[in-house]
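Structure first, then comments.
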Amino acid sequence: MLEKTFEPKAAEPRIYAQWEDSGLFAPRAAKPTDGAADAYSIVIPPPNVTGSLHIGHALNNTLQDILARYHRMKGKAVLWLPGTDHAGIATQMVVERKLAAEGNIGRRDLGRDAFIEKVWEWKAESGGTIVRQLRRLGSSCDWSRERFTLDEGLNAAVRKVFVQLHKDGLIYRDKRLVNWDPHFQTAISDLEVEQKEVEGAYWHFAYPLADGVTYQHPIAFDEDGKAIEFETRDFIVVATTRPETMLGDTGVAVHPDDERYKGLVGKFVILPITGRRIPIVADDYADPTKGSGAVKITPAHDFNDFGVGKRAGLAALNIMDAFGRITAADTPDVPAEYEGMDRFAARKAIVARAEEENWLREIEKTKHVVPHGDRSGVVIEPWLTDQWYVDAKVMAQPALKAVEDGATVFEPKSYEKIYFEWLRNIEPWCISRQLWWGHRIPAWYGPNGEIYVAETEEDAREQALSDYDSEVVLTQDEDVLDTWFSSALWPFSTMGWPEKTEDLERFYPTSDLVTAADIIFFWVARMMMMGMHFMDGEAPFKRVIINGLVRDEKGQKMSKSKGNVIDPLGIIDELGADPLRFTMAILSGTRDIKLSKQRIEGYRNFGTKLWNAARFSQMNEARRVEGFDPAGVQQTINRWIRGELTKAERQVSDAIEGGRFDDAAGALYRFIWNVFCDWYLELAKPVFNGSDEAAKAETRAMTAWTIDQTLKLLHPVMPYITEELWAELGKEGPARDGLLMGEAWPVLPDAFVDADAEAEIGWLVDLIGEIRALRAEMNVPPSAKPPLAFVAPDAATAERIARHRDLILTLGRVSEVAVAEAAPAGAVTFVSGGATVALSLAGIIDLAAERARLEKEITAFDSDIGHVNKKLGNPNFVARAAAEVVDEQRAKLAEAEEGKAKLQAALARLDAMEG
1186 MLEKTFEPKA AEPRIYAQWE DSGLFAPRAA KPTDGAADAY SIVIPPPNVT GSLHIGHALN
1246 NTLQDILARY HRMKGKAVLW LPGTDHAGIA TQMVVERKLA AEGNIGRRDL GRDAFIEKVW
1306 EWKAESGGTI VRQLRRLGSS CDWSRERFTL DEGLNAAVRK VFVQLHKDGL IYRDKRLVNW
1366 DPHFQTAISD LEVEQKEVEG AYWHFAYPLA DGVTYQHPIA FDEDGKAIEF ETRDFIVVAT
1426 TRPETMLGDT GVAVHPDDER YKGLVGKFVI LPITGRRIPI VADDYADPTK GSGAVKITPA
1486 HDFNDFGVGK RAGLAALNIM DAFGRITAAD TPDVPAEYEG MDRFAARKAI VARAEEENWL
1546 REIEKTKHVV PHGDRSGVVI EPWLTDQWYV DAKVMAQPAL KAVEDGATVF EPKSYEKIYF
1606 EWLRNIEPWC ISRQLWWGHR IPAWYGPNGE IYVAETEEDA REQALSDYDS EVVLTQDEDV
1666 LDTWFSSALW PFSTMGWPEK TEDLERFYPT SDLVTAADII FFWVARMMMM GMHFMDGEAP
1726 FKRVIINGLV RDEKGQKMSK SKGNVIDPLG IIDELGADPL RFTMAILSGT RDIKLSKQRI
1786 EGYRNFGTKL WNAARFSQMN EARRVEGFDP AGVQQTINRW IRGELTKAER QVSDAIEGGR
1846 FDDAAGALYR FIWNVFCDWY LELAKPVFNG SDEAAKAETR AMTAWTIDQT LKLLHPVMPY
1906 ITEELWAELG KEGPARDGLL MGEAWPVLPD AFVDADAEAE IGWLVDLIGE IRALRAEMNV
1966 PPSAKPPLAF VAPDAATAER IARHRDLILT LGRVSEVAVA EAAPAGAVTF VSGGATVALS
2026 LAGIIDLAAE RARLEKEITA FDSDIGHVNK KLGNPNFVAR AAAEVVDEQR AKLAEAEEGK
2086 AKLQAALARL DAMEG
């Protein structure tokens, strides 16, 4: 007999060990008859080796595991390939902090080789945390194939790709602007930049015009906006939030259609402090409606200005070093007093000088967004530096075509628009990072600055011999590659590329990729580019499933500072992995998933419901029977549940195949809770307790068989509790062949759906449901058993009444089931299955008290409806309140209106009774 409850804390480690020991996580052996459709593969989005399982991981890996377990049960050879990312900047930061905490010297004092050795030591000790946590979630990855983006095989793949792309002219070295982190002294990707709103200011500076030039500047306008008054100016006003960058200004831009400045285009200004002569240029980037309409241009320290500088042929002068300090290396006209000054100290000094020399015209306080390093927390500096780049524009074209032609599809399809928009406007991809931990760039420099790109130093030396008569000292590039570069090769490098392996032959391209929307640019698009280029034009996956973002129950983003983070490991400790997984699945159909612990607790109750149903079945001797064939059942309820199970299997299968995990979970919930537990077992009770031994034996066997099939259907979503039930229920009846995980997915024939049984039981279920709803609506005490009468039923209904009289009495909690020519006095009538039914409530409820109760509750609903309508009718509330607050009020309104409508219907029934 089953224990009273399922104890996940004790069961989950034991069950996972059984799965792992079974070898079922690995793909099954190939068969001679296998075709491409018999393999299913998916590569895990590699979490950072520094990471711990967060709620986003829980969602993403639950969905992947559902797919892997489902296709495995469908008989396919399934490869779910796991691994972790070396996470360059994050890992380097963790180890540097560890060294500092232990009182060790810094990495620069330690030296590159010794520091890298320390990082590998850290990885060996602590780098497996998230992999262990993924196991706790129930992830059925093939751990024997686990990869790491810095393992030797992937190292070789990365070097080969770099060298080949360089030969193809698609990797090159260039001086361009990058996001520079002065703390870590490295370029970082856009994904590693956090935009923060801060208090700041626009400083309005007057730059004097050169060569005695003046112009008429409008200072007053009529009601039509036409200038009516002018003043003569020998300066032009620009505004900036970063005064320190003015030291690098090489131009001022105005819009070509701005009448105020048309006559100044081609003229010059004298840059204060430096005395530099810089031109006024026309460019569409300048917005005549913002500020003065004139914009200072600093090509070496602003991404937009860099573009203007390119178009206008302006010089790009770097006025900062790698630490964010002022330097005159490129700009000898910068006064020595600023040399080595921190950028923010320079800001104060320049503003003070502008005020002193009277070219500061205004300080306009403002809130504005400033980029910060997501790990360092410092302000990011757009910085002009030599870096390695990929010609992403060229590589994007085949990746675009693959999605345009349908070789790869996105689910939901709307995300294709994001993918297209980014790839069609893609910029060169900066792939070098000034770090030590990562794939070191396979480029060597000769004594005269020549660059030799090769997979090995030996190959680079051979190349150098063409330039030198004898061997010379070569120096390898100090930089490492962007982490996303190695991640872009993940679908094929993890399967052994560049070798022609059996895994590549069998499992590439992969079937699905499940990932989040925020890395469509940084990872998905780049995998597509690399896969198309290196795998003979074959996209790396056939389908990309984008999962939503998990937020708190109010729709707010989870953050430690808000205290609204839900820790998946804490949930697993308290409630088990299955409720968390089921919640992730059933809520996965929206872009923003509103999650609360209460929701997860609710789905723990769902698991408990199934456990109790299995226990009830055991108590009623429902055991599996050798050779039982559900096709031959005779009892109506058994033919009905067989059809309902068949329909549920179709719904679950279609939903998982379509990547609609919420629909799959919803179908499972409805079948298990509403159909099997609430109705079938209730309808089976009289059979279990009756004297018809043949009906009893059939229903016991059918119950046991249905539970077995149900466990199979639920297993991909809730693997632990289903595996435990499979083992425990297998202790009675025929011996099991093995684990539930290795069982075949149910394939139920269409003939299992019996229209007659469906109509018969459907009629009974609808009738009992109506009776129960009416009892609740009319506030009938649970102990009361009012009489029920069918008013002039037809012959078919009369036969059904006779067949199911006992069930109607028991499940409807009525004292009698009669047939009458007219509805009795004091009865409430309703229509069910085409028949008029009367429930006699006279003498059971106090009509006056019930009327008073209903009217009081209707008044309360009216008050709520009025209050919410007042809020929603206020344009200021709708415009200013957070979207989730407005949605919450609309939901309250709908709920109140629905509640009021039910009470009004009950009141109308009272009127009919008294009439």
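Quick note: the sequence shown uses the working numbering, first residue 1186, plus one each step.
Just so you know, even glycine gets a beta-carbon here, dropped at the ideal spot from N, CA and C.
CA-CA distance, K1308 to A1702, rounds to 29 angstroms. Beta-bridge annotation (DSSP): Y1693 is not paired with any residue. DSSP places A1530 in the helix class (H, G or I) of the three-state scheme.
Straight through space, the alpha carbons of E1382 and D1763 are spaced by roughly 40 angstroms. Considered as a whole, the segment 1837-1899 harbours 1846-1854, 1866-1873 and 1878-1899 as its complete alpha helix (DSSP H) runs of no fewer than 4 residues, in chain order.
Nearest to A1929 by alpha-carbon distance, out of G1623, T1247, R1199 and K1261, is K1261. Membership of Q1318 in the alpha helix (DSSP H) is indicated by the continuous run T1314 to L1322. By the CB criterion at 7 angstroms, W1614 and V1575 fall inside the cutoff.
In this model, D1487 and L1650 are separated by some 41 angstroms (Cα to Cα). The C-beta separation of W1629 from L1666 comes to about 15 angstroms, leaving the pair out of contact by the 8 angstroms criterion. Boundaries around S2017 are those of the beta strand (DSSP E), A2012 to S2017, since no alpha helix (DSSP H) includes it. The segment 1700-1719 makes no contact with the segment 1188-1198: fewer than 3 CB pairs, one atom from each, lie closer than 8 angstroms. For T1435, the secondary structure class from DSSP, reduced to helix, strand or coil, is coil.
Annotation for S1802: the continuous alpha helix (DSSP H) segment containing it runs K1782 to M1804. Taking one beta carbon from each stretch, the segment 1536-1544 and the segment 1489-1499 have fewer than 3 pairs nearer than 8 angstroms; the two do not touch. W1305 sits exposed, since fewer than 16 C-beta atoms from the chains shown fall within 10 Å of its C-beta. In the three-state reduction of the DSSP assignment, E1601 falls in the helix class. P1931 and P1583 have their C-alpha atoms some 40 angstroms from each other.
As computed with DSSP, F1420 is found in a beta bridge with P1393. Under the DSSP assignment, Y1201 falls outside any beta strand (DSSP E), being part of the alpha helix (DSSP H) whose first and last residues are P1193 to S1207. The three-state secondary structure of D1737, taken from DSSP, is strand.
As DSSP reads the structure, S1226 sits in a beta bridge with L1264. Looking at the backbone, the Cα of E1917 and that of G1817 are separated by about 22 angstroms. Using a Cβ-Cβ distance cut-off of 8 angstroms, the segment 1554-1561 and the segment 1441-1454 are not in contact, since fewer than three pairs of beta carbons, one from each stretch, lie closer than that value. A check of alpha carbon separations from G1591 across T1269, E1429, S1324 and E1723 identifies E1723 as the nearest.
Cβ-Cβ separation between G1478 and V1519: approximately 28 angstroms, too far for a contact (criterion under 8 angstroms).
By the neighbour-count criterion, in which a residue is buried when 16 or more other Cβ atoms sit within 10 angstroms of its Cβ, S1237 is exposed. Under the three-state reduction of DSSP, Q1819 is assigned to coil, being neither helix nor strand. Residue state for A2034 is assigned as helix, using DSSP reduced to three classes. Taking a cut-off of 8 angstroms for Cβ pairs, the segment 1683-1698 and the segment 1389-1405 do not touch, as fewer than three such pairs fall below it. Residue P1567 holds the alpha-carbon nearest to the alpha-carbon of A1372 among W1204, P1567 and L1339. According to the DSSP assignment, R1361 belongs to no alpha helix (DSSP H) but to the beta strand (DSSP E) extending over I1356 to D1366. Secondary structure at I1611: coil, using DSSP grouped into helix, strand and coil.
H1239 and P1753 have their alpha carbons spaced roughly 6 angstroms apart.
In this structure, L1319 is the residue among L1319, L1266 and D1219 with its C-alpha nearest to the C-alpha of G1241. DSSP places W1328 in no alpha helix (DSSP H); its state is neither H nor E.
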